[in-house]
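Q:
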Amino acid sequence: MCGIGGIVRHAGGLQHERERLVGLRDRLRHRGPDGEGLHLDEQVALVHTRLALQDPAGGEQPLRSPDGRYTLVYNGEIYDAEALRAELADAWTFRTRCDTEVVLAAYVRWGSACLPRLNGMFAFFVWDAVHAVGFAARDRLGVKPFVYARTRDSFVFASEAKALLAELESPPAVALDALLEVLVVPCFSGVETPLFEGLAYLPPGHCLRVTRTGVDVWAWGEYTPCDEDDAPPSPERLQAALADAVRRTSIADAPVGVYASGGLDSTLVASLMRRAGAQPRAFTVAFAEQDRYDYTRSLIVTSDDGPFATLAAEELGLDQQLVPVSRAQLGDDLATVAAHDDALPAWEQELAQHHLARAAAVHCKAVLVGDAADETHYGYHFLLDAEATRSPRGIIERFTTPVVRRELLPDPVAHFDAKYRRLTEGAGIGWDHPDDRIRATTWLILRRWLPRLLHNGDIHAMAHSLEARVPFADTELLELARRVPPSLGLRGGVEKWLLREAARGLMPEAIRLRKKSALPKDQGVAPLLQREASRALDEAGPSLRRVIDLERARALCKPHRPIDERERALLFRLTCLVHWARTYDVRMP
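Residue numbers (the working numbering): 27 to 615.
#1: Could you check whether L40 and L64 sit closer than 8 Å to each other, using their CB atoms as the reference points?
#2: Going by beta carbon distance, what residues of the same chain come within less than 7 Å of V295, once the five residues before and after it are set aside?
#3: So what's D291 in DSSP terms, helix, strand or just coil?
#4: On the three-pair Cβ rule with 8 Å, is the region 359-378 touching the region 565-585?
#5: Report yes if the CB atom of E127 is closer than 8 Å to the CB atom of F120, and no otherwise.
#6: What do you get for G456, buried or exposed, if any count of 16 or more other CB atoms within 10 angstroms of its CB means buried?
#7: List the residues that DSSP assigns as beta-bridge partners of F148.
#8: Which partner residues does Y285 have in the DSSP bridge list?
#9: Closest to L603 by CA distance: which of D575, L563, T426 and A158 is it?
#10: Under three-state DSSP, which class holds Q355?
#11: Name the residue from T467, F598 and A566 whose alpha carbon lies nearest to the alpha carbon of L555.
#12: Would you call W475 buried or exposed, if buried means 16 or more other Cβ atoms sit within 10 Å of its Cβ?
#13: Going by C-alpha distance, which of P546, R557, R526 and R540 is nearest Q265?
#14: Can you check which of these residues, L144, G84, Y105 and K188, is closest to L54 by C-alpha distance?
#15: Please classify W244 as buried or exposed, where buried requires at least 16 neighbouring CB atoms within 10 angstroms.
#16: For S417, count the other beta carbons within 10 Å of its own beta carbon; 16 or more makes it buried, fewer makes it exposed. Which is it?
#17: What does the alpha-carbon distance come out to for the pair G288 and D400?
#18: Out of T415, R447 and A369, which has the shortest C-alpha to C-alpha gap to A226?
#19: Please list the segments of the alpha helix (DSSP H) lying wholly inside the region 38-110, counting only runs of 4 or more residues, in order along the chain.
#20: If we ignore side chains and look at the alpha-carbon of each, how far apart do A286 and L382 end up?
#21: When you compare only the Cα positions, how much space is there between L79 and P511?
#22: With distance defined between alpha-carbon atoms, name the residue in P436, H459, T468 and R432 nearest to L449.
#23: Could you check which residue in D154, C28, D359 and V439 has the C-alpha nearest to that of V169?
#24: Tell me which same chain residues have a C-beta within less than 6 Å of the C-beta of D291, skipping the five on either side of it?
#25: Considering only the beta carbon of each residue, do L506 and P259 sit closer than 8 Å?
#26: Name the two residues that bound the continuous beta strand (DSSP E) containing D397.
#27: For I422, report the span of its alpha helix (DSSP H) as first-last.
#28: Under 8 Å, do V388 and S543 count as touching if we go by C-beta distance?
#29: Which value, in whole angstroms, describes the spacing of the CA atoms of T336 and R235?
#30: For R384 and I485, what's the separation of their Cα atoms in angstroms?
#31: Output needed for R166: all residues of its chain with C-beta closer than 6 Å, excluding positions within five of it in sequence on either side, in chain order.
#32: What do you get for K547, buried or exposed, if any count of 16 or more other CB atoms within 10 angstroms of its CB means buried?
#33: Where A308 and E502 are concerned, what is the direct C-alpha to C-alpha distance, given to the nearest angstrom?
#34: Going along the chain, which residues of its own chain have a beta-carbon closer than 8 Å to the beta-carbon of L410, five neighbours each way excluded?
#35: What first and last residue would you give for the alpha helix (DSSP H) that runs through T467?
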């Protein structure tokens, strides 16, 4: 796991800009404190910071091909690296055990056709010095990030948007459309375009080519769920594939832990790690008084994780570490997560991710997580709610309370409802029939919700120099998941029905049958959030006035005023927005 960055300037002159490149590399230091590298040429400059999980002695980057033609910077893990190494052995003399060299050898041998062969999470850039062409690619689900920009004379890229701000031609300014989306539809935000004006994301499952004439982007392998007539896998086949995925993602020359919430997905991962002979430390977040909350009122956190996580640890023999979160540090935590997440925090659960990563990084260099299971196996119970899936509006209204100024967007919900309808209909999925509505909602979850979830997982883990590995993003497992139709994923009104069947015998039945519950958040923090939001709005009110209805927002901050879960989440985002804008000195609209 690493931080990567670089500059391409076909007009030349980069060999004189070493200090500039060192600055870019230093801004990625948290992603890789174990090593650093820099390649500087006339037309290209590449930087790398390394978190050493495999072959600590042999994984230096940037990595050049023996003939000097190709130079690679790469961020990720390739889980079938050994099989590819054997396949490439007749054409390449390997000097390291690191998967970085496998990626370079695969690209030299097969070009962009190597991408479907790479089972893993990755973002990489290869420079071809003979043809003065750069090539970049991102994994199928977008587990690993790739951000870029075209300036007046250069192409620049990095693992994180905030690392590129110094490369822009003007001071940071907010991208208004992206800001409106995070305020109105946070669960679908932060994946289409960065929140900083002038930057772009390479989409999941896409690659790009940089030449003298410009930048071309195209899809190489987007993940798309099946039609009902595809032959679904058996529970036994699914369990075997998941066991293989967990085994592959556990390989490392450093300690690997697991996030353990006591839910189906993380318990599956932990159980299969134990069956493979690992003894992982299991990290469980614990908020104050979470055992006293009435979860019948909660939108997506449906029960207390504590008893289930403890049951899993006892039954599976896990070395459990509880990660307590104190309300007394809420103000500092909000500023911290806002500084870490350059897409602007969208969910209160990002506080849990921050604390889990910080605790795990003390003991591990990587953790296995249950991310992507719900999105690829029909795991959200609102898919069974006809009202929630009637249109994109159903999801928007379920999770948000907009306070965008009506002069800017007269009807924010209608605006984004129309946008997401256009996206799904452009993919050939309508909203006229019940089955189509589930498929359309699932498509949005895969294209918008999942990339945001994976972005958050990466950004908060890597802020603490920790790699988050995603077994459910394993290519072979995804191919089976793709063949699961909604009727089987949601059989009998039970979300993730087939995955639950695959989990038989691997965990206590109370966990296997537990209703989906999201990563926890502090359900009793409303008064403190009201206080923090009030302070933030007082500080930044004038700069937000064009975007936010400040009167409505301030009304939510009044002491002793009851607020519901959506309103509390809104105050979380507004407070983080103020911290984010101040941290990066962003010019608001």
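Each residue gets a CB set at the ideal place from its N, CA and C atoms; glycine is no exception. A quick note: this is a predicted structure, and the numbers were derived from the prediction, not measured.
A: Reading from the atomic positions:
#1: no
#2: V272, V284, L394, G396 and P497
#3: helix
#4: no
#5: yes
#6: exposed
#7: G102
#8: F309
#9: L563
#10: helix
#11: F598
#12: buried
#13: R526
#14: K188
#15: exposed
#16: buried
#17: 15 Å
#18: A369
#19: 44-52
#20: 10 Å
#21: 37 Å
#22: T468
#23: C28
#24: G396 and A399
#25: yes
#26: First-last for D397: undefined, no H or E at that position.
#27: P418 to F425
#28: no
#29: 49 Å
#30: 12 Å
#31: G231, G247 and Y249
#32: buried
#33: 26 Å
#34: L516, G519 and E521
#35: P460 to L470
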